[in-house]
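Residue numbers (this note's numbering), protein chains in the order written: chain A, 112 to 415; chain B, 112 to 415.
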């Protein structure tokens, strides 16, 4: 019975939501809770730590009174740099009683979830985009994930932004007319292009990224939207191709993750076609990717 | 002598600096002063008005004690929407004694400066980009200028951002190696790509835009930089072509303006080649464009 009191937690802190799972030493999940965005940016470590501490309190409450954790692992979007990881670890140690605390990237915990051991690549496209993979030798590389200003090609934010640029171009005659104009105005509840762009300029990236499905749905009917979807798929395929080259493993299994790549999405369909047409074809596998569970698995590994 | 006491002022408020000229009723320039950025954004009207009032005080001081202005015209970057224009006019009326106050776009005052009357197009590419033109019938249209998030294609900020994306892609093997990596690191004083991107992510747009000349200079030696320069020139050429179509005047004279299009710039050279190759060729004219003087001319027109 004493064994059951040893508790571990894993967290997936993303641009649009944060998920936390609490498990016992056997890896059994005791509870799962969710909250708002937990993306890590310079100067935001305290706020993210606060959110995670709140979720942990909620999860522990659901599992009865427990004094402390054995290990806590957080996979956070925006945690690519050591400075941000260190800042969040420090803020968490102030707020959470846990013998071990580790912050890594959202991509790393997604990889752990899809491929707990051995080689594999996870390509993730949600608000942002990134690919991460591990080869037979255990070497881990990432490709992309440079952030929304100068990277994240093929992400929902990039696709929505390209859609808005196409709307602006159509409006002043630099580009062809597109169905996207009416569809985006409707989705954002605006009456003029000027109003739409002004709104989008001040909207949070997740709000803008939420327009990506509008582009996906229009692709079947609209040549402009179709080109944007194809371009996003091409960018995502480049991630996989660069990564399998870098890992020196062309047979490596590849799993897809993230809101832009859910089944039925036009970007997913276009991407799968490209990956199958690659030389040699990409070894796509159907894996459920649950980053929070991946983080929990890593936490169990920290205190076996 | 009484005539000489009637004073008018014109202001060019841009992303990187604000210039103010003070003139008399004959259009003679009495003084010219400069200050920091004056770009208009939602919520920033008070700060911009404060900057302009300070410059005006400085200019009036230089012209001796004068009680009030006849008219003040401001051409401001970011003033494309009526809401922002109205807010700035109101803030200015609180701070400045002037019989007439008018806020318009930076592009409109640049057009006034290059083509005081009759038809003409000014294509401007600095931190942002926009084209504005007036036809023989006096109709004024603009193309582009949608802002840095979803527009401003071919601007210094867009070009620098594309350069940084190319550096990120080269770093993780999605794109070819490029000289831009070393050149941009050197220009920004950073030692790693990770550090460069992290810096650029938090830097103000003008700081990022200041890397555009690095891309221009590398274009002669580096195929990646050369492609980016060609793409920027193509985007700028689209502005002119869409505008002369809209104005129904293919013989309309076109003047170039802005920091990215100074003589000797690779983007200017590539753009000029495209405009000359257009069908029919674009009627490029060599005009000095001084937006602050254009604003002064509009101010004189308000109180003739």
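All C-beta atoms, glycine included, are put in the ideal place defined by N, C-alpha and C.
Q. Taking DSSP as the reference, what is the three-state secondary structure of residue 230(B)?
A. Numbered from its first residue, the second chain carries residue 230(B) at position 119. DSSP, read as helix, strand or coil, puts residue 230(B) in coil.
Q: Assuming residue 416(B) contacts residue 265(B) (C-beta within less than 8 Å), just tell me the rounded distance between them.
A: No statement about residue 416(B) is possible, as the shown extent of chain B runs from 112 to 415 and does not include it.
Q: Flag this pair as yes or no: are the beta carbons of residue 141(B) and residue 180(B) separated by less than 7 Å?
A: The residue labelled residue 141(B) in the question sits at position 30 within the second chain. The residue labelled residue 180(B) in the question sits at position 69 within the second chain. No; because the gap between Cβ atoms is not below 7 Å, this pair is not in contact.
Q: Could you check the C-alpha separation between residue 183(B) and residue 217(A) for me, to the nearest Å?
A: Residue mapping note: residue 183(B) aligns to position 72 of the second chain, counting from 1. Residue mapping note: residue 217(A) aligns to position 106 of the first chain, counting from 1. If I take the Cα positions, the gap works out to 54 Å.
Q.
With distance defined between alpha-carbon atoms, name the residue in 230(B), 319(B), 253(B) nearest to residue 279(A).
A. In the first chain, residue 279(A) corresponds to position 168, counting from 1. Scanning 230(B), 319(B), 253(B) for the CA closest to the CA of residue 279(A) turns up 253(B).
**Q.** First and last residue of the uninterrupted alpha helix (DSSP H) at residue 123(B)
**A.** Residue numbering aside, residue 123(B) sits at position 12 when the second chain is read from its first letter. Judged by DSSP secondary structure, residue 123(B) falls outside any alpha helix (DSSP H) and instead within the beta strand (DSSP E) spanning 118-124.
(Q) Among 379(B), 197(B), 413(B), whose alpha-carbon lies nearest the alpha-carbon of residue 235(B)? (A) Your numbering for residue 235(B) matches position 124 in the second chain. Restricting attention to 379(B), 197(B), 413(B), the CA atom closest to the CA of residue 235(B) is found in 379(B).
Q) Closer than 9 Å, Cβ to any Cβ of chain D: which residues of the region 251-262 of chain B, in chain order? A) The structure shown has no chain D; the protein chains it does contain are A and B.
Q: For the region 259-275 of chain A and the region 313-331 of chain A, state whether three or more C-beta atom pairs, one from each stretch, are separated by less than 8 Å.
A: Segment contact: the region 259-275 of chain A against the region 313-331 of chain A, three or more CB-CB distances shorter than 8 Å; contact assigned.
Q: Count the other C-beta atoms from every protein chain shown that fall within 10 angstroms of the C-beta of residue 343(B), then say buried if there are 16 or more, exposed otherwise.
A: Position 232 of the second chain, counted from the first residue, corresponds to residue 343(B). Its Cβ being crowded by 16 or more others within 10 Å, residue 343(B) is buried.
Q.
Among the candidates 306(B), 282(B), 274(B), whose CA atom is the shortest distance from the CA of residue 325(B)?
A. Reading the second chain from its first residue, position 214 is the one you call residue 325(B). Nearest of 306(B), 282(B), 274(B) to residue 325(B), Cα basis: 274(B).
Q: Please report the Cβ distance between residue 409(A) and residue 220(A), rounded to the nearest whole angstrom; I am assuming they are in contact, meaning their Cβ atoms lie under 8 Å.
A: For the purposes of this step, residue 409(A) is taken as residue 298 along the first chain, with counting starting at 1. For the purposes of this step, residue 220(A) is taken as residue 109 along the first chain, with counting starting at 1. Their Cβ separation, rounded to whole angstroms, is 6 Å, which keeps residue 409(A) and residue 220(A) in contact under 8 Å.
Q: Can you tell me which of the three DSSP states residue 373(B) falls into?
A: The residue you call residue 373(B) lines up with position 262 of the second chain. Residue 373(B): coil per DSSP, three-state reduction.
Q. What does a CB cutoff of less than 6 Å around residue 376(A) pick up in its chain, not counting 5 residues either side in sequence?
A. The count along the first chain starts at 1 and reaches residue 376(A) at position 265. Apart from the 5 residues on each side of it in sequence, residue 376(A) sits with its Cβ closer than 6 Å to the Cβ of 327 in its chain, given in chain order.
Q) Taking all protein chains shown into account, do 16 or more other C-beta atoms lie within 10 angstroms of the C-beta of residue 113(A), making it buried, or fewer, making it exposed? A) The residue labelled residue 113(A) in the question sits at position 2 within the first chain. At residue 113(A) the pLDDT is 46, less than 50, meaning the model places this residue with poor confidence; the figure from the coordinates comes in the next sentence. With fewer than 16 other CB atoms across the displayed protein chains lying within 10 angstroms of its CB, residue 113(A) is exposed.
Q: Using only alpha-carbon positions, find the residue among 362(B), 309(B), 368(B) that is nearest to residue 391(B).
A: On the second chain, residue 391(B) is found 280 positions in, with the first residue counted as 1. When each option's Cα is compared against that of residue 391(B), the closest is 362(B).
Q. Do we get a CB-CB distance below 7 Å when we pair residue 275(A) with the residues of chain B?
A. As a first step, residue 275(A) must be located in the first chain, where it is residue number 164. Any Cβ of chain B closer than 7 Å to the Cβ of residue 275(A) would place that residue at the interface, and such an atom is present.
Q) Do you know offhand how far residue 365(A)'s Cα is from residue 230(A)'s? A) Taking the first residue of the first chain as 1, we reach residue 365(A) at position 254. Taking the first residue of the first chain as 1, we reach residue 230(A) at position 119. One C-alpha to the other measures close to 9 Å.
Q: Give me whichever residues DSSP pairs with residue 244(A) in a beta bridge.
A: Residue mapping note: residue 244(A) aligns to position 133 of the first chain, counting from 1. BP columns for residue 244(A) point to 232(A), 252(A).
(Q) Let me see if you follow: with CB-CB separation under 7 Å, is residue 249(A) close to chain B or not? (A) Along the first chain, read from residue 1 onward, the residue named residue 249(A) stands at position 138. No, its Cβ sits nowhere closer than 7 Å to a Cβ of chain B.
Q: Between the Cα of residue 242(B) and those of 249(B), 304(B), 233(B), 250(B), spot the shortest distance and give me the residue it belongs to.
A: What you label residue 242(B) is simply residue 131 of the second chain in a count that begins at 1. Here the closest residue by C-alpha is 233(B).
**Q.** residue 182(A) - DSSP class collapsed to helix/strand/coil
**A.** Residue 182(A) sits at position 71 when you count from the first residue of the first chain. Of the three classes helix, strand and coil, the one that applies to residue 182(A) here is strand, per DSSP.
Q) Exposed or buried, what is residue 332(A) when buried is set at 16 or more other beta-carbons lying within 10 Å of its beta-carbon? A) By one-based count along the first chain, residue 332(A) stands at place 221. Of the other Cβ atoms in all chains shown, fewer than 16 fall within 10 Å of the Cβ of residue 332(A); this residue is therefore exposed.
Q) Using 7 Å as the limit for Cβ to Cβ distance, is residue 113(A) near chain B? A) Here residue 113(A) corresponds to residue number 2 of the first chain, with the count starting at 1. Bear in mind that a pLDDT of 46 at residue 113(A), under 50, signals an unreliable position, so the number given afterwards is only what the model happens to contain. Cβ-Cβ to chain B under 7 Å: no for residue 113(A).
Q. What residues from chain A crowd round residue 153(B), counting only those whose CB sits closer than 7 Å?
A. Residue numbering aside, residue 153(B) sits at position 42 when the second chain is read from its first letter. Chain-order list of chain A residues neighbouring residue 153(B): 313, by C-beta distance under 7 Å.
Q: Mind checking who residue 364(B) pairs with in its DSSP beta bridge?
A: The count along the second chain starts at 1 and reaches residue 364(B) at position 253. According to DSSP, residue 364(B) bridges with 394(B).
Q. Is the beta carbon of residue 225(A) sitting closer than 7 Å to the one on residue 398(A)?
A. Here residue 225(A) refers to the residue found at position 114 of the first chain. Here residue 398(A) refers to the residue found at position 287 of the first chain. Result yes, Cβ atoms of residue 225(A) and residue 398(A) sit closer than 7 Å.
Q) According to the Cβ coordinates, are residue 149(A) and residue 129(A) closer than 7 Å? A) As a first step, residue 149(A) is located in the first chain; it is residue number 38 there, counting from the start. As a first step, residue 129(A) is located in the first chain; it is residue number 18 there, counting from the start. Yes; because the gap between Cβ atoms is below 7 Å, this pair is in contact.
(Q) Restricting to Cα atoms, I'd like to know which of 414(B), 413(B), 152(B) is closest to residue 312(A). (A) Here the question's residue 312(A) lines up with position 201 in the first chain. Across the set 414(B), 413(B), 152(B), the C-alpha of 152(B) shows the shortest separation from the C-alpha of residue 312(A).
Q.
Can you check which of these residues, 131(A), 136(A), 147(A), is closest to residue 168(A) by C-alpha distance?
A. Mapped onto the first chain, residue 168(A) falls at position 57. When each option's Cα is compared against that of residue 168(A), the closest is 131(A).
Q: Answer with yes or no whether the minimum CB distance from residue 241(A) to chain B is below 7 Å.
A: Within the first chain, numbered from 1, the residue matching residue 241(A) stands at position 130. It does not; no Cβ of chain B falls within 7 Å.
Q) So who's on the other strand from residue 209(B), going by DSSP bridges? A) As a position in the second chain, residue 209(B) is number 98, starting the count at 1. As a beta-bridge residue in DSSP terms, residue 209(B) pairs with 180(B).
**Q.** Bounding residues of the beta strand (DSSP E) (the contiguous stretch that carries residue 325(A))
**A.** Locating residue 325(A) in the first chain gives position 214, counting from the first residue. Segment 323-329 is the alpha helix (DSSP H) holding residue 325(A); no beta strand (DSSP E) there.
**Q.** Cβ-based burial, residue 250(A) [other Cβ within 10 Å; buried from 16]
**A.** Working through the first chain from its first residue, we reach residue 250(A) at position 139. Classification of residue 250(A): exposed, given that the 10 Å Cβ count is below 16.
**Q.** Neighbour list for residue 279(B) in chain A, Cβ cutoff strictly below 7 Å
**A.** As a working note, residue 279(B) is residue 168 in the second chain. Neighbours of residue 279(B) on chain A, chain order: 257, 261, 262.
Q. Could one say the Cβ of residue 333(A) lies closer than 7 Å to chain B's Cβ atoms, at least one of them?
A. Locating residue 333(A) in the first chain gives position 222, where the first residue counts as 1. Interface annotation, residue 333(A): not in contact with chain B, CB-CB separation never under 7 Å.
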